[in-house]
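These notes are about the structure you will find just below.
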Amino acid sequence: MAGDKPKRKRSKTACSMCRRKKLRCDVTDLFPKKCTQCTKSDMFCELDLQVRQTVPPPPPTTSAVLDVPAPPPPPPPPPASTIPDTTATRLPRLSSMLPQSISSAPIGTFSPQPRTAPVYTEKPTTDQVLSDGTVILAKLIDDLFVVFKSHHYPHLPILPQRYLTPSFLLLHSDATLTTIHGPITIPTMTSPVLFWTICAVACPMAYHQGLVSQQLWDAITDHVRLLLQKHSMVTHYILRPFTALAHIYALVILCVWPLPHRTTQEDLTWIYSGQAVHIGLLIGLHRSWFKSEFVIMDNDTAKYEDGEQQQQQQQQQQQQRTKDHSRARMHALMWMACFHINQLLASIHGVPATATLDYTLLANFNDDISKDNSELSEFIKQVHIIHLLNRCINSLGIDTNATGMVSPNCRRIVHSSLEGTLSQLGVDYSPMTPMTELVFLHTKVQLHSFLLAPDTLDCDKIWVVTPISIVCMQIIQLVQKMLSDDKNTPPLFHTWPNFVSRAVLISAVILFQLSTSKYRAWLDQEAVAQAVACGRSVLVAMTWNPTCPAARGARVLDGLATMAAAGALDEDICFSQSRLGAGYWGLMMAYKKWLIQQQRQESAADPVATANHISVPANTPPISPSWLNQDAADPSTLPDSLSMGDLFGSSLHFDDHETMGSWSDLSWLDAYTPH
1 MAGDKPKRKR SKTACSMCRR KKLRCDVTDL FPKKCTQCTK SDMFCELDLQ VRQTVPPPPP
61 TTSAVLDVPA PPPPPPPPPA STIPDTTATR LPRLSSMLPQ SISSAPIGTF SPQPRTAPVY
121 TEKPTTDQVL SDGTVILAKL IDDLFVVFKS HHYPHLPILP QRYLTPSFLL LHSDATLTTI
181 HGPITIPTMT SPVLFWTICA VACPMAYHQG LVSQQLWDAI TDHVRLLLQK HSMVTHYILR
241 PFTALAHIYA LVILCVWPLP HRTTQEDLTW IYSGQAVHIG LLIGLHRSWF KSEFVIMDND
301 TAKYEDGEQQ QQQQQQQQQQ RTKDHSRARM HALMWMACFH INQLLASIHG VPATATLDYT
361 LLANFNDDIS KDNSELSEFI KQVHIIHLLN RCINSLGIDT NATGMVSPNC RRIVHSSLEG
421 TLSQLGVDYS PMTPMTELVF LHTKVQLHSF LLAPDTLDCD KIWVVTPISI VCMQIIQLVQ
481 KMLSDDKNTP PLFHTWPNFV SRAVLISAVI LFQLSTSKYR AWLDQEAVAQ AVACGRSVLV
541 AMTWNPTCPA ARGARVLDGL ATMAAAGALD EDICFSQSRL GAGYWGLMMA YKKWLIQQQR
601 QESAADPVAT ANHISVPANT PPISPSWLNQ DAADPSTLPD SLSMGDLFGS SLHFDDHETM
661 GSWSDLSWLD AYTPH
């Protein structure tokens with residue numbers, strides 16, 4: 001009715017209190033002062049940010065659209081005879097010749113076609129030529145990839161196997177980059193580094209299968225080293241998503257199965273691990289669940305995400321993600337692999353790890369432990385164990401005081417707490433594969449070794465002697481059982497990670513150290529002696545080359561026996577305070593110093609014989625104590641050496657001219673002192 005009063009309405013903008021009490025609010029008129037209601041009530045006035053949205057008007061009906069007059073038809077073109085045939089007039093003439101339904105359509109009628117990424121199809125492998133001219137046949141390449149997928153990939157199931165094909169890794173993925181001068185094309189392949197790394201890592205097993213010769217193996221290894229030097233500038237990988245991921249995977253593979261090297265100085269696994277962590281940080285692998293923010297080359301991304309776009313379409317239909325092929329999951333697994341190998345290498349070297357892993361990222365994969373994929377399940381278990389080892393090291397060995405370790409008065413209490421957590425983790429993850437169990441036992445050795453540090457209370461050292469000796473003997477027995485259970489021809493230890501031989505060597509060295517220390521009275525000396533002899537026989541059984549890690553480890557034990565027979569080994573244990581897990585490195589450093597002194601004495605006694613003797617193994621046969629079982633392994637099959645010359649390098653006399661001619665062997669740098 002006309003006489004009715006208009007209905008009072010509340011303002012769309014009101015403070016929180018007025019909106020809650022449904023009162024009229026004049027905050028928009030009095031802002032920044034309080035509204036009238038808040039002033040009367042002496043309340044805090046805060047503008048309500050949840051403003052009600054205005055409903056948009058409904059779209060026009062069909063009748064309204066029909067009322068719009070149609071655009072007038074285009075005028076007829078003039079006769080062709082009156083228009084000169086020039087470039088300026090050729091385009092209008094061509095447009096007028098288009099069909100009437102297209103030329104008369106208004107602008108905006110046609111929607112852009114969605115971009116469809118080219119579907120990748122598998123292509124046959126082709127022959128490859130190395131930088132030195134060596135031809136690698138396609139049949140051999142396929143065989144090497146089969147060897148890798150069968151024996152090596154189960155230890156590192158990171159990338160889906162559909163990416164690990166020769167044709168995909170050598171696919172020409174020319175990337176277009178937009179610059180101020182226009183787009184430029186960067187010709188490249190997907191990942192030649194990963195391609196040749198797979199070939200090189202598979203060569204040892206292929207060599208014993210008779211697939212490759214020694215010359216071909218050496219040529220592939222040298223080519224991988226050349227590629228790694230060529231691609232040492234890692235910062236540009238942030239522009240290529242899959243190439244960066246593949247390069248990290250190649251570096252991790254080389255950390256697990258290093259290229260052949262003669263001395264520890266030539267072992268670059270620690271450097272490769274640092275490069276993998278560095279590239280992973282640059283491309284954001286440590287925050288894997290976020291979208292990559294540094295990808296600017298779309299062509300490379302299209303090939304990488306080709307299969308994943310198809311998976312995402314299915315995910316939208318099924319309202320769930322396909323975990324095995326999601327990019328975030330793949331990136332997370334790659335970062336876990338970087339952390340896994342970085343922490344293992346750091347514990348072996350006795351230094352803090354450079355990579356960290358957030359437990360929330362690791363917890364996203366807890367469901368995979370109970371899945372049917374046993375390979376991935378065991379890898380996740382190993383990462384969980386290594387993550388706990390990192391926590392133990394951070395709790396015991398990384399402190400802000402002068403020594404860098406927890407106070408000796410409470411060190412055993414912290415150790416017991418961490419040991420209980422580790423034991424419970426072992427119960428939760430049982431049963432384990434032998435490789436996972438080996439990682440678990442190695443973690444226990446590293447944990448116990450902190451109680452062997454020089455400043456540990458003597459009562460705590462006596463307490464830990466028995467537990468650490470038992471775990472070391474378990475490691476040697478486990479690897480011996482793995483060798484005896486392997487009935488394959490050739491044996492599969494050629495494909496085992498390098499960590500296996502290192503774990504055996506560390507266990508044997510610690511047992512040897514305890515058996516010669518003042519704490520040997522608290523040990524079963526006969527059992528320890530048999531375990532050391534068994535460890536040496538295991539290393540000899542795993543020897544496939546005079547310079548392989550297992551052969552060098554056997555020579556280390558022979559050298560330590562020589563040192564003990566000469567009475568040069570101190571009865572006290574653990575001389576190293578700066579290394580984490582001092583039970584292993586203390587004896588190693590003591591032996592290296594003794595070896596250098598022996599070589600200097602030999603050089604002073606006969607300077608002519610050692611004038612040009614640069615990093616050559618000594619011709620002294622290995623001497624072992626009576627408790628070493630010489631029948632288990634014939635030392636004559638190994639090169640004559642005092643053992644540590646090949647592991648740590650030799651300190652020998654040389655001049656500058658000889659130095660310039662020996663860059664291929666850099667072990668002389670250890671003892672070089674400028675005059």
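Take 1 as the starting number for the sequence shown in the working numbering and just add one per residue. We treat Cβ as the ideally placed atom computed from N, Cα and C, and that holds for glycine.
Judging by CA-CA distance, which residue of the options is the nearest neighbour of residue i?
| i | options | result |
| --- | --- | --- |
| residue 474 | 454, 345, 442 and 593 | 442 |
| residue 491 | 19, 207 and 142 | 207 |
| residue 205 | 167, 219, 595 and 489 | 489 |
| residue 267 | 229, 549 and 570 | 549 |
| residue 408 | 444, 224, 452 and 19 | 452 |
| residue 593 | 247, 604, 579 and 569 | 569 |
| residue 387 | 147, 410 and 418 | 418 |
| residue 196 | 261, 128 and 153 | 128 |
| residue 150 | 198, 131 and 362 | 198 |
| residue 167 | 589, 159 and 126 | 126 |
| residue 404 | 433, 450, 446 and 380 | 450 |
| residue 677 | 225, 242, 229 and 285 | Here the chain comprises residues numbered 1 to 675, so residue 677 is not present and cannot be evaluated. |
| residue 676 | 477, 545 and 469 | The question about residue 676 has no answer, for the chain in this structure spans 1 to 675. |
| residue 391 | 244, 357 and 375 | 357 |
| residue 380 | 439, 345 and 420 | 439 |
| residue 455 | 476, 284, 131 and 411 | 411 |
| residue 705 | 578, 265 and 591 | An answer regarding residue 705 cannot be provided, because it is not within the stretch 1 to 675 covered by the chain. |
Would you call residue i buried or exposed, if buried means 16 or more other Cβ atoms sit within 10 Å of its Cβ?
| i | result |
| --- | --- |
| residue 214 | exposed |
| residue 413 | exposed |
| residue 210 | exposed |
| residue 300 | With a pLDDT of 42 at residue 300, under the threshold of 50, the modelled position of that residue is not reliable, and the figure given next carries that caveat. Its Cβ being crowded by 16 or more others within 10 Å, residue 300 is buried. |
| residue 526 | exposed |
| residue 565 | exposed |
| residue 15 | buried |
| residue 437 | buried |
| residue 427 | exposed |
| residue 367 | exposed |
| residue 162 | exposed |
| residue 20 | exposed |
| residue 676 | Absent from the model: residue 676. The displayed extent of the chain is 1 to 675, so no value can be given. |
| residue 382 | buried |
| residue 444 | buried |
Name the one or two DSSP bridge partners that residue i has.
| i | result |
| --- | --- |
| residue 136 | 128 |
| residue 15 | 47 |
Compute the beta-carbon to beta-carbon distance between residue i and residue j, rounded to the nearest angstrom, for a pair I have assumed lies under 8 angstroms.
| i | j | result |
| --- | --- | --- |
| residue 155 | residue 256 | 7 angstroms |
| residue 249 | residue 334 | 7 angstroms |
| residue 511 | residue 532 | 5 angstroms |
| residue 504 | residue 535 | 5 angstroms |
| residue 190 | residue 159 | At roughly 12 angstroms, the Cβ-Cβ gap does not stay under 8 angstroms, so residue 190 and residue 159 are not in contact. |
| residue 252 | residue 341 | 6 angstroms |
| residue 538 | residue 483 | 7 angstroms |
| residue 277 | residue 355 | 5 angstroms |
| residue 130 | residue 145 | Not really, about 17 angstroms apart at Cβ, beyond 8 angstroms. |
| residue 433 | residue 152 | With 8 angstroms as the limit, residue 433 and residue 152 do not qualify as a contact, their Cβ atoms being about 15 angstroms apart. |
Roughly how many angstroms lie between the CA atoms of residue i and residue j, to the nearest whole one?
| i | j | result |
| --- | --- | --- |
| residue 515 | residue 448 | 17 angstroms |
| residue 480 | residue 192 | 37 angstroms |
| residue 377 | residue 371 | 7 angstroms |
| residue 423 | residue 134 | 52 angstroms |
| residue 270 | residue 339 | 12 angstroms |
| residue 554 | residue 435 | 21 angstroms |
| residue 571 | residue 337 | 40 angstroms |
| residue 201 | residue 462 | 43 angstroms |
| residue 518 | residue 347 | 26 angstroms |
| residue 542 | residue 361 | 37 angstroms |
| residue 328 | residue 26 | 50 angstroms |
| residue 32 | residue 287 | 42 angstroms |
| residue 507 | residue 446 | 10 angstroms |
| residue 140 | residue 212 | 8 angstroms |
| residue 393 | residue 369 | 25 angstroms |
| residue 47 | residue 13 | 8 angstroms |
| residue 169 | residue 262 | 30 angstroms |
| residue 544 | residue 284 | 40 angstroms |
| residue 274 | residue 45 | 55 angstroms |
| residue 18 | residue 37 | 7 angstroms |
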